[in-house]
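Participant: Protein chains in written order, with my numbering: chain A, 3 to 210; chain B, 5 to 307.
Right, I'll just put the structure down here and ask away after.
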């Protein structure tokens, strides 16, 4: 090994003395060591790759309804909003990385980016550089369990009564909407009143 | 930077024009769908862009002004031709060796890891792979060249729905990870919307519509109203297509500025399928919304 003219003499390259480098066996040993070190680093790299997140590591996964007529990005936005609203996503949860959404739905990365930007503007999620995107919204006070109870009460109680009286689906929707309007006029009466109205306004915003 | 720019591009095969007066500029970072009926000139345009066809008139450049087909362009553009041509009698591993030897830059490790994740055996003869696997192999070969522009001619034709999904997932992941631009031609209009964000619509050898899909959709509406008023209303808008029935008339209209619609007329947003079909049915209509400002350095390109 000829140490180049640009190198000063006391700065011996690597861990070899010039005399040792002349002996082929030493050179071979050093070479093996280097290869071992290389393989080791390769394995460490691989190990890291295996630790990559898969779909089941996230709290939610997306699905698309092609026939709904709702733009793809808006479907993603609504699904995150609903997941937050229903308690599937809580503050600090990571939402799927763009790369993973793209691979699972085979959609344009720009679409996912647009959805996440929209959610970020609404203050629901925030990006932490190098880590991913996380939920930032306050957790809703109504949990999944309470919502299930509310839903069950609605189905077994009010909805059954309404159907028994001969009200059809459109009639039920109309009545519910007008009752919701009454609730909004007297906000002090019920704690829940603020959340449906806020959600409704958010949805109209999104649709526009 | 524009990934593809053409100006007055025309190609004639034995006296018939396969492509005429084609002037367009496609900005980078998009997934571009090239749509048109059979014989519209899609393949000819793609072949021009990768340098397989020399233009009869006009010119075409890629990646910010490099003449298509020049060595510098070839190195940075990858092309998968229709029906994924491969050597059928050799093994996948041999195909990788061939590709590695024929290309200046070829990331064999990347190609092998992609194939491994798709469970494509390296020691199988290519002819024995399924159609979907062959498509994946040709895509893996193209992506291993680490291109800045990926050109795919009918990548989804002849594939079953699952294979289509998987092929597009690989392309989209590559876009997300490496930020390359993609141009692909397709017949399958219904699947474009989730994948592409930029559209080039061709018909009879001419470019009929170019632009960001979001812009194109927001600039068009379906108007419906009484047939009696149709004639007067039609003068207010650029009508792409009209369907007159006894009492009701439907227009596909282009709105390039905020407009008040006449009372009694209903304006609805249009879907991409409807828009594409409306233009394909009316070959004389055209809409160029994309940045058509072809950059000034085009004169410097040497042919």
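Glycine included, every Cβ here is placed at the ideal spot set by N, Cα and C.
Is it the case that the segment 205–212 of chain B contacts the segment 40–53 of chain B, given that we only count it when at least three CB pairs across the two stretches are under 8 Å?
Facilitator: Yes, since at least three Cβ pairs between the segment 40–53 of chain B and the segment 205–212 of chain B fall closer than 8 Å, the two stretches touch.
Participant: Does the beta carbon of residue 191 of chain B sit closer than 9 Å to a beta carbon anywhere in chain A?
Facilitator: By this cut-off, residue 191 of chain B is not an interface position.
Participant: When the Cβ atoms of the segment 167–174 of chain B are set against those of the segment 95–114 of chain A, are three or more pairs found closer than 8 Å?
Facilitator: Output reads yes: the segment 95–114 of chain A touches the segment 167–174 of chain B.
Participant: Counting only beta-carbon atoms, is residue 100 of chain A nearer than 9 Å to chain B?
Facilitator: By this cut-off, residue 100 of chain A is an interface position.
Participant: Which whole-angstrom value describes the C-beta separation of residue 108 of chain A and residue 199 of chain B, a residue pair presumed to lie in contact below a C-beta threshold of 8 Å?
Facilitator: About 7 Å; that satisfies the 8 Å criterion.
Participant: What number of angstroms, rounded off, separates the C-alpha of residue 99 of chain A from the C-alpha of residue 35 of chain B?
Facilitator: Their Cα atoms are separated by approximately 19 Å.
Participant: Buried or exposed: where does residue 309 of chain B fall if 16 or more other Cβ atoms within 10 Å of its Cβ makes it buried?
Facilitator: Residue 309 of chain B falls outside the range modelled here, since chain B spans only 5 to 307, and no answer is possible.
Participant: Going by other Cβ atoms of all chains shown within 10 Å of its Cβ, with 16 needed for buried, is residue 43 of chain A buried or exposed?
Facilitator: Bear in mind that a pLDDT of 49 at residue 43 of chain A, under 50, signals an unreliable position, so the number given afterwards is only what the model happens to contain. Residue 43 of chain A is exposed by the Cβ-count criterion.
Participant: Taking the beta strand (DSSP E) that residue 116 of chain B falls in, what are its first and last residues?
Facilitator: Careful: residue 116 of chain B lies outside any beta strand (DSSP E), inside the alpha helix (DSSP H) at 112–121.
Participant: What three-state label does DSSP hand residue 158 of chain A in the structure shown?
Facilitator: If DSSP states are grouped into helix, strand and coil, residue 158 of chain A belongs with the helices.
Participant: Could you pull out every unbroken beta strand (DSSP E) segment of at least 3 residues lying fully inside the segment 41–77 of chain B, listed in chain order?
Facilitator: Entirely contained in the segment 41–77 of chain B, the beta strand (DSSP E) runs reaching 3 residues are, in chain order, 61–66.
Participant: Please name the residue in B/114, B/229 and B/285 whose C-alpha comes closest to that of residue 265 of chain B.
Facilitator: With distances taken between Cα atoms, residue 265 of chain B lies closest to B/229.
Participant: Three-state secondary structure (DSSP) at residue 49 of chain A?
Facilitator: Bear in mind that a pLDDT of 42 at residue 49 of chain A, under 50, signals an unreliable position, so the number given afterwards is only what the model happens to contain. If DSSP states are grouped into helix, strand and coil, residue 49 of chain A belongs with the helices.
Participant: Identify each residue in the segment 168–193 of chain B for which the Cβ-Cβ distance to at least one residue of chain A is less than 7 Å, and report them in chain order.
Facilitator: Here the close residues are 169, 172, 173, 176, 177, 179, 180 and 181.
Participant: Any Cβ of chain B within less than 9 Å of the Cβ of residue 111 of chain A?
Facilitator: Cβ-Cβ to chain B under 9 Å: yes for residue 111 of chain A.
Participant: Out of A/161, A/167, A/162 and A/137, which has the shortest C-alpha to C-alpha gap to residue 90 of chain A?
Facilitator: The shortest C-alpha separation from residue 90 of chain A is found at A/137.
Participant: Whole-angstrom Cβ separation of residue 282 of chain B and residue 227 of chain B, contact assumed at under 8 Å?
Facilitator: Between residue 227 of chain B and residue 282 of chain B the Cβ distance is about 12 Å, and since that is not below 8 Å, they are no contact.
Participant: Can the beta-carbon of residue 204 of chain B be found closer than 9 Å to that of residue 214 of chain B?
Facilitator: Result yes, Cβ atoms of residue 204 of chain B and residue 214 of chain B sit closer than 9 Å.
Participant: Residue 54 of chain B: which of B/61, B/63, B/78 and B/37 sits nearest, CA to CA?
Facilitator: Closest by alpha carbon: B/78.
Participant: If you draw a straight line from the alpha carbon of residue 21 of chain B to that of residue 69 of chain B, how long is it in whole angstroms?
Facilitator: Whole-angstrom Cα-Cα distance: 25 Å.
Participant: Return the CA-CA distance between residue 107 of chain B and residue 179 of chain B, expressed in angstroms with no decimal places.
Facilitator: Cα to Cα, residue 107 of chain B sits roughly 21 Å from residue 179 of chain B.
Participant: Report all residues from its chain with a CB closer than 7 Å to the CB of residue 12 of chain B; omit the five preceding and five following residues, and keep chain order.
Facilitator: Result list for residue 12 of chain B: 25, 27, 61 and 62, in chain order.
Participant: Who are the Cβ neighbours of residue 161 of chain A in its own chain at under 8 Å, not counting the five residues just before and after it?
Facilitator: Excluding sequence neighbours, residue 161 of chain A sits near 174.
Participant: According to DSSP, which residues form a beta bridge with residue 6 of chain B?
Facilitator: DSSP, once it has assigned bridges, lists B/31 as partnering residue 6 of chain B.
Participant: Which first and last residues belong to the alpha helix (DSSP H) in which residue 230 of chain B is found?
Facilitator: Where residue 230 of chain B is concerned, there is no enclosing alpha helix (DSSP H), although the beta strand (DSSP E) it sits in stretches over 224–230.
Participant: Work out the CA separation of residue 139 of chain A and residue 269 of chain B for me, nearest whole Å.
Facilitator: When rounded, the distance between both Cα atoms is 42 Å.
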